[in-house]
């Protein structure tokens, strides 16, 4: 059982070093991954995209869900949370939305300067050294603590991340005990069966019962998350302790841990590709609900994508590790996909209207 020892507030120098380490690790990962839309066809073959069950219950009578984002007090996390919260407030009361209240779960152990601006619950980080530089391990532990200490009125919870922007009103996509999740093309339980079996034994069921999802975005019953979250913590730590697993899963280890923890509890997800889009690979917004801007958007002035190479025009969140992006970012050149244009316009609208934004 892990204890609740606080790491305290890190020094500015340490924060910079951690941020740089995060930048290079994630940038290298995302550069290596080539987004292939055909990968979804594999998901469609192995998993039923629309529904993991033959009969599903109708929409809940009280479908409101609590929006939760886990975060640190680093500037990089703060400015993303501010933009996310701005757009949450813009869409939460629109027709078609089932959004309830909002909480930023701050796992830095101490309150920061955004606690008055954004509804925030402060929880402890993992005991010092336990995450071994993989700060995302604090996410499942943050959920365990939040669920224990918070009063949550809604029956459902949306697990979200700071780099999410609500682009359309989001309904409750979950159905009863089947949460809704987004199928990530790089979460491949069946292709990693040897490793998955270390944590999900044969007697528990086939590997196809481990859904190809992360933990965000996911809309899930609060009671289910209360069961899964402690298992999610323990599986994450066990995966991190296993050298083969750590090497194979890298920066998506904690996503695999959630998928395995859910399967251990017999929970299957409704896979919703329309849950979100990821520029620059998804070209149109359409009826999707969340923009996830984890990938850098690099283009030449002709509007051609130059992914893996810094473009003449670019928007990449990692360019703003130590502070927020300026107001009024330049729009992409002609020919750039609508999804990227929409992203930049939404960032610009938020920064223009959030008080105290540093330009």
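Numbering (our numbering), first residue to last: 41 to 399.
Every residue, glycine too, gets a C-beta built ideally from N, C-alpha and C.
Check: Out of curiosity, what's the CA-to-CA distance linking residue 326 and residue 158?
Finding: 29 Å
Note to self: Is it the case that the stretch 197-207 contacts the stretch 279-288, given that we only count it when at least three CB pairs across the two stretches are under 8 Å?
What the structure shows: no
Item checked: residue 306 classed as buried or exposed, judged by whether at least 16 other C-beta atoms fall within 10 angstroms -> exposed
Checklist line | Of the listed residues 220, 177, 302, nearest to residue 110 (C-alpha basis) | finding: 177
Check: What is the DSSP secondary structure of residue 116, counted as helix, strand or coil?
Finding: helix
Notebook entry, point to check: Would you call residue 359 buried or exposed, if buried means 16 or more other Cβ atoms sit within 10 Å of its Cβ?
Noted result: exposed
Notebook entry, point to check: With 16 other CB atoms within 10 Å as the buried threshold, where does residue 252 fall?
Noted result: buried
Check: From residue 268 to residue 302, what distance separates their C-alpha atoms?
Finding: 6 Å
Check: Quick one: is the Cβ of residue 254 within less than 7 Å of any heavy atom of the ligand ATP?
Finding: Although the ligand ATP was asked about, the structure shown includes no ligands whatsoever.
Check: At what residues does the beta strand (DSSP E) containing residue 293 begin and finish?
Finding: Here residue 293 belongs to no beta strand (DSSP E); instead the alpha helix (DSSP H) covers 293-304.
Notebook entry, point to check: Hey, residue 328 and residue 208 are a contact pair by Cβ (cut 8 Å); roughly how many whole angstroms apart?
Noted result: 7 Å
Next item on the list: Determine the direct distance from the alpha carbon of residue 179 to that of residue 113, and round the result to whole angstroms.
Entry: 14 Å
Notebook entry, point to check: Considering only C-alpha positions, which residue in the set 275, 286, 357, 365 is nearest to residue 174?
Noted result: 286
Item checked: Anticipated Cβ contact below 8 Å, residue 388 with residue 369, distance rounded -> 6 Å
Margin query: Closest to residue 294 by C-alpha separation, out of 309, 274, 284, would be which residue?
Written below: 274
Note to self: Would the stretch 345-352 count as touching the stretch 212-228 if we require 3 or more Cβ pairs under 8 Å?
What the structure shows: no
Next item on the list: Using alpha carbons as the reference points, say which of 102, 374, 355 lies closest to residue 342.
Entry: 374
Check: What is the residue span of the beta strand (DSSP E) that residue 349 lies within?
Finding: Looking at the DSSP string, residue 349 is not in any beta strand (DSSP E), and its letter there is neither H nor E.
Next item on the list: Express the C-alpha separation of residue 104 and residue 195 in angstroms, rounding to a whole number.
Entry: 7 Å
Notebook entry, point to check: Smallest Cα separation from residue 154: which of 292, 121, 308?
Noted result: 121
Note to self: For residue 142, which residues in the same chain have their Cβ closer than 6 Å to its Cβ, ignoring the five residues on either side in sequence?
What the structure shows: 107, 128, 159
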